[in-house]
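Note that the working numbering numbers the sequence shown so that position 202 is 760, with each residue one more than the last.
Notes for the one structure printed next.
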Amino acid sequence: MIVEAALIGLLCYLGALSSPWLLGLTGGWYLISRPLVSGMLVGLILGDVKTGIMIGVAVQAVYIAMVTPGGSMPADLNFVAYPAIALGILSGKGPEVAVALAATIGIAGTLLFNAMMVLNSFWNHRADVALEQDDERGIYLNSAIWPQAMNFVLRFVPTFIAVYFGAQYISSFMDSLPRVVLSTMNVLGGILPAVGIAILLKQIIKSYTMLIYFLVGFICIVFLKLNMVALVIVGALLALIHYNYKPEAPQTVGTKPVNDDEDEF
559 MIVEAALIGL LCYLGALSSP WLLGLTGGWY LISRPLVSGM LVGLILGDVK
609 TGIMIGVAVQ AVYIAMVTPG GSMPADLNFV AYPAIALGIL SGKGPEVAVA
659 LAATIGIAGT LLFNAMMVLN SFWNHRADVA LEQDDERGIY LNSAIWPQAM
709 NFVLRFVPTF IAVYFGAQYI SSFMDSLPRV VLSTMNVLGG ILPAVGIAIL
759 LKQIIKSYTM LIYFLVGFIC IVFLKLNMVA LVIVGALLAL IHYNYKPEAP
809 QTVGTKPVND DEDEF
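Quick look at the structure:
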């Protein structure tokens, strides 16, 4: 597992919020740190792409509405995307348990992220001192090299340790848990994706009447057994009807409605 753990640790670093190597945030944080993408990559590395994608989809639903304003994170999505999904695959307990593991590891990951932010203030101070002394090499080292080296250590090392040692013990550890604990994790893992989708709906809908479209999609999937292609077509039809054929509000000038039949003076 040394090679597999090293590859997953490297991807964890490349997808970190402050890693610049994959087109900055575009290829790193906003692409390979999405659980839907990382689940496929981790599954490919561990030799179980199907399980990786299934777990990635379930975890992505939990964090689908998460935003990071100003770098503030309720959970570290990068640790969710790599060590958590890897341990979920290695546990062999299904997506529900993997989601519960991801939620726990994601919250714990915020401690390392905040520690990195605190430690970066040390490098910022050294860069300021180098600037006052006209030390170009010191500015470069303290603003680019040493912060990235610390970021690599804080991402790669915990992920490598979790995957390498977790591969040996996670399955037996999960089997040793009481049935009530596993049942609780399954229940919580099934609820959390619904919470993520609910938060997303809360952010994007303008009126509660718009929930009817979500319920129509739910019915199409659960009861009519439509696949995603058919559901997209149904959704496009409903969008066309809603935006092109809804009644237009009367135009007003000030507070008085405009009447085209009135004589113009």
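All C-beta atoms, glycine included, are put in the ideal place defined by N, C-alpha and C.
On the DSSP letters alone, give me the boundaries of the alpha helix (DSSP H) that Pro751 sits inside.
As a first step, residue 751 is located in the sequence shown; it is residue number 193 there, counting from the start. Per DSSP, Pro751 belongs to the alpha helix (DSSP H) from Arg737 to Ile762.
Using a Cβ distance threshold of 8 angstroms, determine whether the segment 564-571 contacts the segment 597-613, with at least three qualifying pairs required.
yes
What distance in whole Å lies between the Cβ atoms of Ala688 and Leu750, which are believed to be in contact at a cut-off of 8 angstroms?
For the purposes of this step, residue 750 is taken as residue 192 along the sequence shown, with counting starting at 1. For the purposes of this step, residue 688 is taken as residue 130 along the sequence shown, with counting starting at 1. Not confirmed; about 46 angstroms, so no contact.
On a Cα-Cα basis, can you pick out the residue from Lys608, Ala619 and Tyr801 that is closest to Leu758?
Sequence index remark: in the sequence shown, residue 758 carries index 200 (1-based). Scanning Lys608, Ala619 and Tyr801 for the CA closest to the CA of Leu758 turns up Ala619.
Is it the case that the segment 719-731 contacts the segment 637-653, given that we only count it when at least three CB pairs across the two stretches are under 8 angstroms?
yes
Inter-residue spacing [alpha-carbon to alpha-carbon] between Leu712 and Met674
The count along the sequence shown starts at 1 and reaches residue 712 at position 154. The count along the sequence shown starts at 1 and reaches residue 674 at position 116. Cα to Cα, the separation comes out at about 8 angstroms.
Quick one: grab the DSSP three-state call for Ser576.
Along the sequence shown, read from residue 1 onward, the residue named residue 576 stands at position 18. Correct three-state label for Ser576: coil.
Taking Phe671 as the reference, give the member of Cys570, Lys651, Ile755 and Pro593 with the closest Cα.
Along the sequence shown, one-based indexing puts residue 671 at 113. Looking from the CA of Phe671, the closest CA among Cys570, Lys651, Ile755 and Pro593 belongs to Cys570.
Looking only at its own chain, which residues have a Cβ that is under 8 angstroms from the Cβ of Phe823, when we skip the five neighbours before and after it?
For the purposes of this step, residue 823 is taken as the residue at position 265 of the sequence shown. Confidence at Phe823 is low in this model, with a pLDDT of 43, below 50, so its placement is unreliable and no value can be given for it.
The alpha helix (DSSP H) spanning Ser701 covers which residue range?
Within the sequence shown, numbered from 1, the residue matching residue 701 stands at position 143. No alpha helix (DSSP H) holds Ser701; DSSP gives it neither H nor E.
Compute the Euclidean distance between the alpha carbons of Met624 and Ser679, then round it to the nearest angstrom.
Sequence index remark: in the sequence shown, residue 624 carries index 66 (1-based). Sequence index remark: in the sequence shown, residue 679 carries index 121 (1-based). Taking the straight line joining both Cα atoms gives about 26 angstroms.
Quick one: what's got a C-beta closer than 7 angstroms to Phe710's C-beta in the same chain, skipping five residues either side?
Here residue 710 is taken as the residue at index 152 of the sequence shown, counted from 1. The answer, listed in chain order, is Tyr571.
For Met631, which residues from the same chain have a beta carbon less than 7 angstroms from its beta carbon, with the 5 sequence-adjacent residues on both sides left out?
The count along the sequence shown starts at 1 and reaches residue 631 at position 73. Within the same chain, Met631 has close Cβ partners Thr668 and Phe671.
Bounding residues of the alpha helix (DSSP H) (the contiguous stretch that carries Arg684):
Residue numbering aside, residue 684 sits at position 126 when the sequence shown is read from its first letter. Residues Pro653 to Glu690.
Do you know offhand how far Gln706's Cα is from Leu782's?
Locating residue 706 in the sequence shown gives position 148, counting from the first residue. Locating residue 782 in the sequence shown gives position 224, counting from the first residue. Computed Cα separation, rounded: 51 angstroms.
Distance between Val780 and Val595 (C-alpha atoms, nearest Å):
As a working note, residue 595 is residue 37 in the sequence shown. As a working note, residue 780 is residue 222 in the sequence shown. Roughly 25 angstroms separates the two Cα atoms.
Cβ-based neighbour list, Gly748, same chain, cut-off 7 angstroms, excluding 5 preceding and 5 following
Reading the sequence shown from its first residue, position 190 is the one you call residue 748. Closer than 7 angstroms at the Cβ level, and outside the excluded window around Gly748, lie Glu654.
Residues near Trp587 in its chain [Cβ-Cβ closer than 6 angstroms; skip 5 each side]:
By 1-based counting over the sequence shown, the position of residue 587 is 29. Leu575.
Would you kindly work out how many angstroms separate the C-alpha atoms of Trp704 and Ile590, rounded to a whole number?
Your numbering for residue 704 matches position 146 in the sequence shown. Your numbering for residue 590 matches position 32 in the sequence shown. Distance between the alpha carbons of Trp704 and Ile590: 24 angstroms.
Counted within 10 angstroms of its Cβ, other Cβ atoms place Met743 as buried (16 or more) or exposed
By 1-based counting over the sequence shown, the position of residue 743 is 185. Label assigned to Met743: buried.
Where does the unbroken alpha helix (DSSP H) through Asn785 begin, and where does it stop?
Locating residue 785 in the sequence shown gives position 227, where the first residue counts as 1. Per DSSP, Asn785 belongs to no alpha helix (DSSP H) and is neither H nor E.
Quick check: the Cα distance between Ile755 and Tyr766, rounded to an integer number of angstroms?
As a first step, residue 755 must be located in the sequence shown, where it is residue number 197. As a first step, residue 766 must be located in the sequence shown, where it is residue number 208. One C-alpha to the other measures close to 15 angstroms.
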